[in-house]
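Residue numbers (my numbering), protein chains in the order written: chain A, 1 to 182; chain B, 183 to 335; chain C, 336 to 994.
First comes the structure, then the notes that go with it.
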């Protein structure tokens, strides 16, 4: 047997790690991530302006939020159970940090009746909800679907976005990032 | 007649190719804004559905994005500007056809490599083994086939 | 009680398959037929047990036993019996139960059919199949138990996934697809057995070919039925979105198709053994990748089941299977050695090999496009999408080349072709193809895709027609048979060849229908008040009224219908609806599809305003769509014709084997 042959045979076995190691890495990293969670290109940029009619018949402009940290919460009445799940956290947030934190809700493709019914059922809120009838605000924020929440610092810069229902852990992290002690 | 058939066929293919080339060289008909809008919508991912484009989807978000595209084109923005507008808000995620060149070239390169490798193997094999038109191996199937034919006759 | 029995059946089934695997390995090593027979019986028992477990689940669903979490999540007291039964495969745990039923079913069938044949191979085939089934039992025993109970027991369940209870096709498409998926374990098992016993011979190849074709037929029908379901249910007017899960079904189909072609070369030349094995392994591993993609939550998809811990199990299964199979293949490489190419550059062999490269090219592109978002995220944390615009542009040229080869292959003789043969066989078909393109352009068929596909399909059909005519003519001359009889005899005496041709006819029909429907469809959206009309092409739709009512078959569902009067090539009253399901955030479309030979009229209700009674309606005219499904059926029929047992051939084979 030529001396090169055994070495060639050994080299063939290299095919195993060459195929399996990257595949294992890909499969298991893929498992560790959630395809529904999207990073936002808005993070680190000034928040897009929000202006328009509100659910209670008034008007709202995001200029009112300037000077203090704020959260922008996209929601809808058909978003069950996620929006229902996060509602108590929002109410609690307003009760505890109402003075130092600006809050605004934005409706996503919802009817007025639906939204009012949701609040009647799960608790009226102290912050305004903007109607967003033409979905312009949803597009400006790159919203994929309710609920989504953007955290904005006192300078009006987007610090973080959370896709899905808010939880205490998420709020603790993100509020600290915009300068609100939980 | 038979001798001429293939040259005629090849000439016909060439002529057709020429016609197509002429057609391509002719200045294209002006694309309407509606067509442009449709083109962009077809390449944007519908934000609240799976795998469908904004052009295909029926969700309210998709409809809103379609309106926005039409509005921006009407306001004189270019296709690239409109696309960039949405990428700035949703990220590259919104593009159904990624803009990274490698993504486009890799499948083509893989295919060219495959075809090249096969062609090289076929040619090299012919060089090594002399006349490659070998008599088919007389396998069991051929044998069965023949017996079946005999039964049949 | 009944769910407990189901759970028990799963646990005993796991034990039975593990026992079977052990018995087959021991029996294979010692050659002890009695031990092997006990392994076989253990597999039959496993099949019986999982059938009992499926029955227990179906009974639980039909009786709305909400103490079972799976039933509570996927059934409601108002769910009609049909949808209750098919909920067996509508969600994660149930689908794995059903999958196990089919996997053990295939395994039992194969073990029974070959119980007294291929004695050297069968224990290892059995061991591989038993291990595969054991994996699914183990998943059910630990990660995805379908019979998990809950207390307190609710009085009402969530009901089935709204999308899945909206169309009876849900009863057809998953079983067909699953039969295809699970069946691909059989050729894989034969591959492993051949590598273990070093018996990659002709007999082995014939068996593997047949047992790839059988699940391939199901996979083909499952994919086409899935496209049809998507068309009939999702309401966007299309049938293929390059959704990750659609791709997952296409991938093993592509490699299995490549195998079906290359195995003909392998059989004729006694070569390409390594390649044959590689394709068999790839096909099976890709079915696992498909399961992984659907059931792990790594991709967003219409079909993705809820995220669960099952993903890690499948990832591990993929790695272990691929590692073991690849290792075995590398180990046996010196025995397989086929270094010389099987034919000349211009020969049928080469055409088949180029066909394989193209199929693998599509496989690579589809796999890469499907995994690219995961890859981007794993490397950079960013998000990327790959969708129809990319897949269409990348794959269309390869599919066109494949269609061309569909004609080239049959026209070239085995071994090698002389210039004279090439001239004789190609001239007329090329001219016919050109004529078809010119005719299409002259008739005003728009775009490039439709005329080009039409031309290529004509070319392919003429090549095959020429081949049939030549064969029948020589038969008629030598045997004095009448022409129709000669064609029939020719086909039934060469089932594989002419079955293959029939499948190619189906491919041509599908190709033309896909190209035409994709490029020549028109659509229009309008918001109408009652009494207003819209026109599209030759059709005119008048909107009459908006009606909202509860479904008689399931009162939890509220249907809002736009009632329309249709006039034009098709006419009559139609009603297109949106259905609100209590467990779905968005309303589910119920499109109306009026099918005709030439074109479909497809009407969906996008939105409505109950106060103003307006309806936003989208209408599509989709040309030739029914020919996509018909073409798919022809492909399946062709393959069925090819594998249909030839009684006389079987008799001769038996005689030869005895001799």
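Don't be surprised by glycine CBs; every beta carbon is placed ideally from N, CA and C.
> Are the C-beta of residue 311 of chain B and some C-beta of chain C separated by less than 9 Å?
Replying inline: Below a pLDDT of 50, predicted positions are generally treated as unreliable, and residue 311 of chain B, at 44, falls in that range; the measurement from the model is reported next regardless. Cβ-Cβ to chain C under 9 Å: yes for residue 311 of chain B.
> Should the segment 774-783 of chain C be called in touch with the segment 844-861 of chain C, which here means at least 3 C-beta pairs below 8 Å?
Replying inline: yes
>> Taking contact to mean 3 or more Cβ pairs, one atom from each stretch, closer than 8 Å, check whether the segment 215-228 of chain B and the segment 720-740 of chain C are in contact.
In response: yes
> What in chain C is Cβ-close to residue 303 of chain B, meaning under 7 Å?
Replying inline: 676
>> Using a Cβ-Cβ distance cut-off of 9 Å, determine whether residue 238 of chain B contacts chain C.
In response: yes
> Three or more beta-carbon pairs under 8 Å between the segment 63-81 of chain A and the segment 111-126 of chain A, yes or no?
Replying inline: yes
> What does a CB cutoff of less than 7 Å around residue 850 of chain C pick up in its chain, not counting 5 residues either side in sequence?
Replying inline: 784, 785, 788
> Any idea which residues DSSP pairs residue 46 of chain A with across the strands?
Replying inline: A:157
> Taking just the CA atoms, how far does residue 671 of chain C sit from residue 313 of chain B?
Replying inline: Per-residue confidence for residue 313 of chain B stands at a pLDDT of 40, beneath the threshold of 50, marking its modelled position as unreliable; the derived number appears in the next sentence. Distance between the alpha carbons of residue 313 of chain B and residue 671 of chain C is about 23 Å.
> Can you find a C-beta in chain C that's less than 9 Å from the C-beta of residue 314 of chain B?
Replying inline: Note that residue 314 of chain B scores 39 on pLDDT, short of 50, meaning its location in the model is unreliable; the coordinates nonetheless yield the value given after this. Taking Cβ atoms only, chain C reaches closer than 9 Å to residue 314 of chain B, which makes this a yes.
> Can you find a C-beta in chain B that's less than 9 Å from the C-beta of residue 685 of chain C?
Replying inline: yes
> When the Cα atoms are used, what is the spatial distance from residue 621 of chain C to residue 498 of chain C?
Replying inline: 26 Å
>> Tell me the rounded alpha-carbon separation between residue 654 of chain C and residue 665 of chain C.
In response: 16 Å
> Which of helix, strand or coil does DSSP assign to residue 234 of chain B?
Replying inline: coil
> From which residue to which residue does the alpha helix (DSSP H) around residue 428 of chain C run?
Replying inline: 427-448
>> Quick check on residue 270 of chain B - is its C-beta less than 9 Å from some C-beta in chain C?
In response: no
> So residue 461 of chain C and residue 437 of chain C are in contact, right, with Cβ under 8 Å, and what is the actual spacing, rounded?
Replying inline: No, residue 461 of chain C and residue 437 of chain C are not in contact; Cβ-Cβ is about 17 Å, not under 8 Å.
>> Under 9 Å, Cβ to Cβ, is there at least one residue of chain E near residue 282 of chain B?
In response: Judged by its chain identifiers, the structure shown contains no chain E, and its protein chains are A, B and C.
>> Looking at the strands, I want to know which residues DSSP matches up with residue 74 of chain A.
In response: A:106, A:148
> So is residue 139 of chain A in contact with chain B if we call contact Cβ pairs under 9 Å?
Replying inline: yes
>> So, for residue 500 of chain C: in the same chain, excluding its five sequence neighbours on each side, which residues have a beta-carbon less than 6 Å away from its beta-carbon?
In response: 418
> Which bits of chain A does residue 242 of chain B rub up against, with CB to CB less than 8 Å?
Replying inline: 109, 135
>> Using 9 Å as the threshold, is the C-beta distance between residue 524 of chain C and residue 464 of chain C below it?
In response: yes
> Among the residues of its own chain, which have a CB less than 6 Å from the CB of residue 958 of chain C, if the five just before and after it don't count?
Replying inline: 851, 852, 855, 934
>> I want to check one thing, is the minimum distance from the CB of residue 115 of chain A to the heavy atoms of the ligand ZN below 8 Å?
In response: Of ligands this structure carries none, so the ligand ZN is not represented either.
> Is the Cβ of residue 720 of chain C closer than 9 Å to any Cβ of chain B?
Replying inline: yes
>> Buried or exposed for residue 100 of chain A, going by 16 or more other Cβ atoms inside 10 Å?
In response: exposed
> Is the Cβ of residue 144 of chain A closer than 9 Å to any Cβ of chain B?
Replying inline: yes
> Shorter than 9 Å from the beta carbon of residue 566 of chain C to some beta carbon of chain B?
Replying inline: no
> Counting along the chain, where does the alpha helix (DSSP H) carrying residue 907 of chain C start and finish?
Replying inline: Premise fails: residue 907 of chain C lies in the beta strand (DSSP E), 907-915, not in any alpha helix (DSSP H).
> chain B partners of residue 41 of chain A, CB-CB under 8 Å?
Replying inline: 269, 270, 271, 272, 273
> For a contact meaning CB atoms closer than 9 Å, what does residue 362 of chain C contact in chain A?
Replying inline: Under the 9 Å cutoff, chain A gives no residues; its nearest Cβ is about 29 Å from residue 362 of chain C.
>> Could you check whether the Cβ of residue 734 of chain C sits closer than 9 Å to any Cβ belonging to chain B?
In response: no
> What are the boundary residues of the alpha helix (DSSP H) that residue 617 of chain C is part of?
Replying inline: 608-631
> residue 486 of chain C: which of C:407, C:874, C:414 sits nearest, CA to CA?
Replying inline: C:407
>> Can you pull out the residues from the segment 224-236 of chain B whose beta carbon lies closer than 7 Å to at least one beta carbon of chain A?
In response: 229, 230
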